[in-house]
Amino acid sequence: MAPTRDVTNTDLDATRIEPTGVTEAQAPALDSSGHGEADWSLPRGAQVDRYFIIGRLGAGGMGEVFSAYDPELDRRVALKLVRFDANEDAANARGRLLREAQALAKLSHPNVVAVYDAGTHGDRVFIAMEHVEGRTFRDWLRSAEQRRTPDTWREALGLMLQAGAGLAAAHAQGMVHRDFKPANVMVSDDGRVRVLDFGLARRFGESEPSDEARPLLRSDPIESLDSLNSSRSSLALQLTQTGMVMGTPAYMAPEQFFGGRVDSRTDQFSFCVVLYRGLFGVRPFPGESFADLGRSVARGEMREMPKSARIPRAIHNALRRGLSPGREQRYPSMDELLADLERSIGQARRRLLGAAGATAVVVALGGAALLGSTAREAATPCQGFDAKLAGIWDDERREAMATAFEATQLAYAGDALVATQRSLDEYTAAWTQLRTEICEATQVRRDQSETLMDLRIGCLDGRLHDISALTTVLTEEVDADVVKNSVLGVGQLPPLRDCATLERDDQGLMQPEDPQAAAGVEHAREQVAAARARVLAGKYQDGLSYAERALELAEQTGFLPVIAEAHEMVGLAHDRRMEPEPARAAYEEGLYAAAASGHTRVELMSLLGLASVLGMHLVKTDEALHYARHAEAIAHYLGDPPQLVGTVALYRGNAQMTASHFDEAIEQFRRAIEVTRGDPESERVYLAALNNVSAVLGQKGQYQDAADAFVEALAAAEGRLGPWHPTVGSTHNNLGVTYSRLGEHELAMKHALRAIEIYEKVLGTEHPELGRGYHNLGVAYSDQGNAQKAYESYLKALEIKRRTLGPDHVSVAFSANNVGDALLRLGRAREAVPFIEDALRIWKTALGPDNPNNMYGLVSLAQAHLALGEPALALPYVRRALELGNDGDIDPVERAKADFVAAQAVLASGGEPKEAVDLARRARSGYQASERPSPNELAEIDAWLAEHG
C-alpha cells in the first residue's frame, strides 16, 4: 500500500551564465582591523531573533556587524551585536544598551541610518538597521586623496553637509553621537549620505557614567598627556576602562580627552575635523602620538589652512569656530554651523559668477557633488576623452532610456533603470579614466611605446562599439526581455582592464595594414558588437542574425582574429537560444581561429562556451571538464582574476550538477562564490553560483544549508535587481520549496505565493517560470498534507509548461510525475499511471536510462502498481530505482522512500520476508538521518514493522 504522505520532487531552478571576458579586477581584501573576538562571530545561516545571518560586514570596539535577512519583511538588514563592558553589571548593561537602541529606532531622518528593531540575543543586544549599499566616507577620502583636483573640496562639502543634517536631526532628539568619524558616514550608491553607528550615542542629561568621560590622568590636560608618553602599555590598559575615552582619538574633542561633559558641541568638533580633512586632505591638528595630538587639540594649535583661492574664507572661519578648544566658543548648534557653511557657498558662487561672467557654477546640495568650473589648467594632449561618449552615453541617451523603460509599464522597470544607468555611468567613467591613463603613459610619462598605446587605444575603441550598441538596444529596442536583462547585461560588457594589459605579442586586436582591409575588419567588429548587445539584452534571435552577418563580413576580410570573434559570437547566440549542437560547432571554429591567430581573449571565451554547452546541455561531463581545465590555465596565466576564476568554477559545477555528481558540484559552486563575493564585475557569476549550490544542496537533502544559501541569494538579487525582477521571483520560488522541506510551512507558502505574484505581474500567465511557481506551490501544499490543492497546483504547472516548453522538456517531467503522486494520495491510482509513465519517458529520453532522476518515476510507478494490487509489476520498477539511487547522489529521503516501497513490494509479491524487513528498517534509518521532518512516514514504517517485523 502506498504511503499516506508522498515526498514529491521539486523543480529547483539552476542558473547558467555565459562567459564575458577577462578582467584584472581583484576582489577586495577582507578587513582584519576589527577587534572582535573569534568566539563572537556567527556562522552564515545562524539565527538572531527572526533574522538569518548572511555574512560578516565588520567589527569594532562596540561589537560586530552582520549582513542579515529579515524573512517577515522580506528585506536585507545590517544586524549589530553589541558588547557591554565587562566591568559593568551585565543586566544593567543589557538594559542600558537596549534602551539606547530603542531610542535610536524613534529617530527618522534621510541622513541617518534607520534603526528598525532592537532586542536581546543571549547575553548581548542586537540592533537591526538599514542596510546601505555604498562606501564609507573614509573610503571616499582615500580615493579623493589619490585623485584630488582643485574642485574636490566642493564634493566633500556637499557630502558633509548631508552628514551634518543627520547629526543635527539626532541632536534635535536629544542624542549625541560621541564617535563621529569618516568610517561612521556612509555614502550610498545613489549619492545619499547617512550617519551610522550611534554605538556610543547617549541622550543628553542621562546620569550614565559615560556622559562625563573620566580624565586620563590628572586635571591638567597638558601634564596628563605628557605623562602618557612613558607607558604605551598603561595607555592601552586605561583605554579599556569603563567611562574613559569614548571615541576615536584623531576626531575627538578636548572634553573627550580630558573628562569634560559631552554634548552636541562635541559632535560639532568631530564633524569639523572630518570636514577639514575632506576639504584639505589632512587633519587639522598635528601630532604623531596620542599625547602630541591631545596637546594640539587642547591648545587649539591647528595647522595653517592651505591658501586655496577656491575655498571661501567664510568656510575657513566656520571651521576655526567649530574647532575651538572650548565648547562655549563653538557654534551653539549644528544647525547654525551648517547655515554658515551654506551661506559661504552662496557667496563663493556669486563671486565666481561676477569674475567669470558666463562660467557656470552649479551647487547641488543634498545628494550630488558640488560642481564648479573656473579657469582650468593648461590643456594637455590627454584631456577631453569624455567627449567621445557623446551620442553613446550622454544626457540624451539617458532620457531616452528612461522613457523607453517607463513605456513597458513593468513593475520592476524603475529599479532596473536606476541600476542599469548607474552601471553604465561606472563603466563609461572607467573607460574615460583608462583612456586618459593610456594616453599619459606615452604622451606624458613616456613609459609606453606608441605602438603599444595604439594597440590599447584600439581595444578601448572596440569597447566604445560595445557601449554604443548596447545603449542603442536599451533606448530603441526596449521590451520586457531587454528590461529583465539590462542590469546584468551591462555587467557582462567586456572588461576594460583587458585593454590596459594588452602586450605586443597579443595579436587579437591588431588591424590589417591595408586601409581597405582595416575598414572591412572594423565593419565586421561593429556587427559583432551589435550582436553581443542584443544577446546580452535577451534578444537572442536578433543577436544570432547580427552574429551571422558579422561572420559573413569577417570571412570576406580573411582576417583570422575577427573571424574568431564572429564565430564565438555565433556560438554564444545559439547557446542562449538553447541550441547546443550549432553552439558547439561555432565555439569550436572560434577556438581554432583564435588559437591560430594569437587571439587570447576569444580563445578563452570559446573554451568557456564549450565547457558550458557540453556540461549543461549535451551532458558530456568529461569533455566539459577538459575544456574548463584549459580555460583555467589561461586564467592562471592572466593572474587569476576573480570573475574568470569564478566562471570556470561555475561551469565545472554546472557540468557536475547535470551529471548528478552533487558533492563535486557543491565544491565548485562554493569556490565560485568565494572568489566572486564582493567583486562588482562578477555579480552574475556570484548570483548563479549561489542559486545553483542551493539547488544542489536541496537535491542532497541538506535543506538548512540550502535555505541559508538561498537567503543570501535572495538578498543579493533583490539588492541589485529590485523586488519585482524575475530572478528575484525564482529565488523566492526555490526558497519556498526549501522551507517546505524543513517543515516551515508558513514561510514556504509565503515565498511560493510571492514567486507566483512576481511571475504573473511581470512575465504574464503564459511563461514557464510561472509553471515552476505553481509546481513548487504544489510542493508546499503536499508537505502540508493537502493532496487536493497539491494536485490542482501541479496540474496547472503541467499545463503551462507543456504550452510554453513543449511536451518533452525535462521540467515537464517533474510536474507530470508530481501530478501522478498527488493522484496516488487521492486514491486515484489508475489515473496516475499515464502521468508517471510520461514523466519516465521524458527523463529516459532527455537524460539517458541511467540518470538518477529516473528514480523518481520508477518509485512512483511501483507505488501505483502496488495500489492497483499488482505487486509483481511493482517490484522490477522499484529494484531498478534502488540501483539508480545507489549510483547517484540522491536525497536520503528519496532513497528511504524507495526502500519502503521495495519492502512492501517484496512482501506483497511473495518474496523473502527478511529482505522486506531489512529494507523497511533501512528506510526508517534514512528518514531519521534526514533534515526533512518525516513523522508520518516514520509512523507508517513503525506500524508496518510491528505487523511484519
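Residue numbers for the sequence shown, in this note's numbering: 384 to 1332. Glycine included, each C-beta is placed from N, C-alpha and C at the ideal position. Note that the structure is predicted; figures quoted are calculated from it, not measured.
Return yes when the Cβ of residue 803 is within less than 9 Å of the Cβ of residue 870, no when it is not. Taking 9 Å as the Cβ cut-off, residue 870 and residue 803 qualify as a contacting pair.
What are the boundary residues of the alpha helix (DSSP H) that residue 1218 is part of? 1212-1230 is the span of the alpha helix (DSSP H), which, as asked, contains residue 1218.
In this structure, how does DSSP classify residue 561 when only helix, strand and coil are distinguished? If DSSP states are grouped into helix, strand and coil, residue 561 belongs with coil.
Contact check, residue 985 vs residue 947, beta carbons under 9 Å: Yes; because the gap between Cβ atoms is below 9 Å, this pair is in contact.
For residue 1071 versus residue 1055, is the C-beta distance shorter than 9 Å? It is a contact, given that the beta carbons lie within the stated cut-off.
Go ahead and label residue 1174 buried or exposed: buried means 16 or more other beta carbons lie within 10 angstroms of its beta carbon, across all protein chains shown. The residue in question, residue 1174, is buried, as its Cβ has 16 or more Cβ neighbours within 10 Å.
Could you check where the alpha helix (DSSP H) with residue 510 kicks off and where it finishes? From DSSP, residue 510 is part of no alpha helix (DSSP H) but of the beta strand (DSSP E) over 507-513.
Please report the Cβ distance between residue 1196 and residue 1222, rounded to the nearest whole angstrom; I am assuming they are in contact, meaning their Cβ atoms lie under 8 Å. Between residue 1222 and residue 1196 the Cβ distance is about 4 Å, and since that is below 8 Å, they are a contact.
Under the rule that 16 or more other beta-carbon atoms within 10 Å means buried, what is residue 554, buried or exposed? Its Cβ being crowded by 16 or more others within 10 Å, residue 554 is buried.
Report, in whole angstroms, the separation of the C-beta atoms of residue 1152 and residue 1146, which I expect to be a contact under 8 Å. Here residue 1152 really is in contact with residue 1146; their C-beta atoms are around 6 Å apart, less than 8 Å.
Please report how far the alpha carbon of residue 1113 lies from the alpha carbon of residue 1001, in whole angstroms. C-alpha of residue 1113 to C-alpha of residue 1001: approximately 24 Å in a straight line.
Which residues in the same chain have their Cβ closer than 8 Å to the Cβ of residue 633, if we skip the five residues on either side of it in sequence? Here the set comprises 564, 656, 666 and 676.
Under DSSP, the alpha helix (DSSP H) around residue 1031 begins and ends at which residues? Following the DSSP letters along the chain, one finds residue 1031 inside the alpha helix (DSSP H) bounded by residues 1025-1041.
Could you compute how far the alpha carbon of residue 1232 sits from the alpha carbon of residue 797? Answer to the nearest angstrom: the Cα atoms are 47 Å apart.
Which residues does DSSP pair with residue 430 in a beta bridge? Beta-bridge annotation (DSSP): residue 430 is paired with 435.
By how many angstroms is the C-alpha of residue 1206 removed from the C-alpha of residue 459? About 40 Å.
Quick one: using the 10 Å Cβ neighbour count with 16 as the cut-off for buried, is residue 753 buried or exposed? Note that residue 753 scores a pLDDT of 34, beneath 50, so its modelled location is shaky; the value from the coordinates is reported in the next line. Label assigned to residue 753: buried.
Sub-9 Å separation of residue 437 and residue 861 beta-carbons: No, the Cβ-Cβ distance between residue 437 and residue 861 is not below 9 Å.
Where the beta strand (DSSP E) containing residue 504 begins and where it ends: Residues 498-504.
Going by C-alpha to C-alpha distance, which of 895, 439 and 435 sits closest to residue 1061? Selection 895, 439 and 435 evaluated against residue 1061 yields 439 as nearest (Cα-Cα).
Rounding to the nearest angstrom, what Cα-Cα distance links residue 878 and residue 1242 in this structure? In a straight line, the C-alpha of residue 878 is about 49 Å away from that of residue 1242.
Can you tell me whether DSSP reads residue 571 as helix, strand or coil? Strand.
Report back the beta-carbon spacing between residue 693 and residue 536 to the nearest angstrom; my notes put them in contact at under 8 Å. Their Cβ separation, rounded to whole angstroms, is 7 Å, which keeps residue 693 and residue 536 in contact under 8 Å.
Do residue 852 and residue 917 count as a contact pair if the criterion is CB distance below 9 Å? Yes; because the gap between Cβ atoms is below 9 Å, this pair is in contact.
Going by other Cβ atoms of all chains shown within 10 Å of its Cβ, with 16 needed for buried, is residue 1184 buried or exposed? The residue in question, residue 1184, is buried, as its Cβ has 16 or more Cβ neighbours within 10 Å.
Starting from the C-beta of residue 789, find all residues in its chain whose C-beta is less than 7 Å away, skip the five residues before and the five after it, and write them out in chain order. If we look at residue 789 and ignore the five residues flanking it on each side, its Cβ neighbours are 796.
Residue 508 and residue 465 - do their beta-carbons sit closer together than 9 Å? Pairing residue 465 with residue 508 gives a Cβ-Cβ distance under 9 Å.
As an exercise, report each continuous alpha helix (DSSP H) stretch of at least 4 residues that is fully enclosed by the region 899-963, in chain order. Entirely contained in the region 899-963, the alpha helix (DSSP H) runs reaching 4 residues are, in chain order, 923-940 and 943-959.
Pick from 654, 969, 962 and 943 that is closest to residue 952, judged by C-alpha positions: Considering only 654, 969, 962 and 943, the residue with the shortest C-alpha distance to residue 952 is 969.
CA-CA distance, residue 875 and residue 1069? Distance between the alpha carbons of residue 875 and residue 1069 is about 13 Å.
Decide if residue 1284 is buried, meaning its Cβ has at least 16 other Cβ atoms within 10 Å, or exposed. Classification of residue 1284: buried, given that the 10 Å Cβ count is 16 or more.
Mapping DSSP to helix, strand and coil, what is residue 624? For residue 624, the pLDDT reaches just 30, beneath the cut-off of 50, and the residue's location in the model is therefore unreliable, although a value from the coordinates is still provided. Coil.
Using the rule of at least 16 other Cβ atoms within 10 Å of the residue's Cβ for burial, across every protein chain shown, is residue 456 buried or exposed? Per the 10 Å Cβ criterion, exposed.
Got a sec, what are the start and stop residues for the beta strand (DSSP E) residue 459 sits in? Note, residue 459: beta strand (DSSP E), 458-465.
Should the region 1107-1126 be regarded as contacting the region 1293-1309, the criterion being three or more beta carbon pairs within less than 8 Å? By the criterion of at least three beta-carbon pairs nearer than 8 Å, the region 1107-1126 is not in contact with the region 1293-1309.
Residue 977 to residue 829, Cα distance in whole Å? Cα to Cα, residue 977 sits roughly 32 Å from residue 829.
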